[in-house]
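Contents: one structure, followed by commentary.
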Amino acid sequence: MIDFTGKVAFITGGAGGIPRATATLFNQLGASLVLTDLNAAPLDEFAASLPNKQARCVTAQVDVTSTEDIDAACALAKAEFGGIDLLVSAAGWFPECSVEAMTDAHWHQVLAVNLDGVMRTCRAGARVMRDGGAVLNVASRAGHAGVANHSHYAAAKAGVMGFSKSLAQELAPRNIRVNCVSPGLIETAMSAPMRERIGDARINLTPLRRNGQPGEIATAIAFLCSDWASYITGETLHVNGGAYMAG
Ligand SMILES: NC(=O)c1ccc[n+]([C@@H]2O[C@H](COP(=O)([O-])OP(=O)(O)OC[C@H]3O[C@@H](n4cnc5c(N)ncnc54)[C@H](O)[C@@H]3O)[C@@H](O)[C@H]2O)c1
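Just so we're aligned, residue 7 is where the sequence shown starts under my numbering, counting upward by one.
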């Protein structure tokens, strides 16, 4: 069985659908948690509801576009727990905008959250990570296949995968593995406007004939963070019901 007892996991976007499912699973597997999100109130409410009260959880309000915020949260992890073992970058933002309507400012805002935020999290996290740990960055099917009216998001997610492969090479001497999970359409608040707009169109193109659930991403994340994936690094695991089959 996967057992994270004694491990410390740091998660960004902790109030969101996929990060909540991940935090809940990690908590059940025994990990102590440092949960961060832009929105402090739902994060604290969620943290208080975690089922395994034996495993500690601390929270911090973090905007991943702020180096100061993310550095402070990693310093908190060091002070509270002595370091980090598992680092999960899951904060994300998925606004809609055509390329023709795109301003420079909007393009940069979306990359600041979805790409720069991952770099900031990994940079600060790596400095306090214990050797033998694991980094997991949440990418997206959009980074492989593209999505109309979400070019900024798709570009950022493609960037996350290139960044993660480079980091995997940098951190390998410390036996820290770096991988990505690339979800398809998962039923969370983020995908609600798109699901509303496209109805069953994506489901009809998905061999398993349904959207994914946050818990189905959480189990993939837990696997890649666990010793069961001890020889896997620089890899991206697709979790999309067959909607995109990578060669
Ligand atoms: N839901 C999907 O279909 C889907 C598909 C592919 C990838 N993803 C990725 O999965 C991850 C989790 O998404 P989700 O579906 O759970 O969405 P969600 O909207 O439920 O969660 C995202 C979380 O990120 C937080 N966040 C946004 N901007 C932030 C910032 N600047 N600083 C800190 N936190 C910030 C939000 O407050 C929210 O709690 C994201 O990286 C997303 O891009 C989701």
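Each residue gets a CB set at the ideal place from its N, CA and C atoms; glycine is no exception. These figures come from a predicted structure and were not determined experimentally.
Between the region 21-41 and the region 105-115, can you find at least three pairs of beta-carbon atoms closer than 8 Å? no
Measuring only from the beta carbon, is residue 196 closer than 7 Å to any heavy atom that is part of ligand 1? The count along the sequence shown starts at 1 and reaches residue 196 at position 190. Yes, the Cβ of residue 196 comes within 7 Å of a heavy atom of ligand 1.
In whole angstroms, give me the CA-to-CA distance for residue 69 and residue 98. The residue given as residue 69 occupies position 63 in the sequence shown. The residue given as residue 98 occupies position 92 in the sequence shown. Near 11 Å, if we compare the C-alpha coordinates of residue 98 and residue 69.
Counting along the chain, where does the beta strand (DSSP E) carrying residue 177 start and finish? One-based indexing of the sequence shown puts residue 177 at position 171. From DSSP, residue 177 is part of no beta strand (DSSP E) but of the alpha helix (DSSP H) over 157-177.
Assuming residue 48 is part of the beta strand (DSSP E), what are its boundary residues? By one-based count along the sequence shown, residue 48 stands at place 42. No beta strand (DSSP E) contains residue 48, which is instead part of the alpha helix (DSSP H) from 46-54.
Using only the heavy atoms of ligand 1, determine whether one of them is closer than 7 Å to the beta carbon of residue 18. For the purposes of this step, residue 18 is taken as residue 12 along the sequence shown, with counting starting at 1. Checking every heavy atom of ligand 1 against the Cβ of residue 18, one is found closer than 7 Å.
Whose C-alpha, out of 212, 174, 202, 247, is nearest the C-alpha of residue 237? If you number the sequence shown from 1, residue 237 lands on position 231. Of 212, 174, 202, 247, the residue nearest in Cα terms is 174.
Could you please give the first and the last residue of the uninterrupted beta strand (DSSP E) stretch that includes residue 83? As a working note, residue 83 is residue 77 in the sequence shown. Run containing residue 83: none in the beta strand (DSSP E); it sits in the alpha helix (DSSP H), 73-87.
Measure the alpha-carbon distance for residue 246 versus residue 208 and round it to whole angstroms. Your numbering for residue 246 matches position 240 in the sequence shown. Your numbering for residue 208 matches position 202 in the sequence shown. Their Cα atoms are separated by approximately 11 Å.
Residues near residue 162 by beta carbon distance below 7 Å, same chain, minus five either side: Reading the sequence shown from its first residue, position 156 is the one you call residue 162. Closer than 7 Å at Cβ, skipping near neighbours: 116, 117, 120, 121.
Taking 7 Å as the cut-off, is the CB of residue 64 close to at least one heavy atom of ligand 1? Here residue 64 refers to the residue found at position 58 of the sequence shown. False, no ligand heavy atom lies under 7 Å from that Cβ.
Assign residue 59 to one of two classes, buried (16 or more other C-beta atoms within 10 Å of its C-beta) or exposed (fewer than that). Here residue 59 corresponds to residue number 53 of the sequence shown, with the count starting at 1. Taking every protein chain shown into account, the CB of residue 59 has fewer than 16 other CB atoms within 10 angstroms, so this residue is exposed.
I need the boundaries of the alpha helix (DSSP H) containing residue 189, first residue and last residue. Numbered from 1 along the sequence shown, position 183 holds the residue referred to as residue 189. Residue 189 -> not in any alpha helix (DSSP H); beta strand (DSSP E) instead, spanning 183-189.
C-alpha gap between residue 249 and residue 211, whole angstroms: Taking the first residue of the sequence shown as 1, we reach residue 249 at position 243. Taking the first residue of the sequence shown as 1, we reach residue 211 at position 205. About 6 Å.
Measuring alpha carbon to alpha carbon, tell me which residue in 23, 147, 95 is nearest residue 131. In the sequence shown, counting from the first residue as 1, residue 131 sits at position 125. Residue 131 has its Cα closest to that of 95, out of 23, 147, 95.
Residue 243 - DSSP class collapsed to helix/strand/coil: Taking the sequence shown and counting its residues from 1, one reaches residue 243 at position 237. In the structure shown, residue 243 sits in a strand (DSSP, three-state: E or B).
Excluding sequence positions up to five away, which residues of its chain have a Cβ less than 8 Å from the Cβ of residue 239? Translated into positions along the sequence shown, residue 239 becomes position 233. Same-chain partners within the cutoff: 174, 178, 183, 184, 185.
Tell me which same chain residues have a C-beta within less than 6 Å of the C-beta of residue 252, skipping the five on either side of it? Here residue 252 refers to the residue found at position 246 when the sequence shown is read from its first residue. Contacts found: 244.
Could you spell out the range, first to last residue, of the beta strand (DSSP E) harbouring residue 15? Counting from one through the sequence shown, the residue named residue 15 turns up at place 9. Here the beta strand (DSSP E) through residue 15 covers 14-17.
So, is residue 105 buried or exposed, given that buried needs 16 or more other C-beta atoms within 10 angstroms? In the sequence shown, residue 105 corresponds to position 99, counting from 1. By the neighbour-count rule (16 or more Cβ atoms within 10 Å), residue 105 is not buried but exposed.
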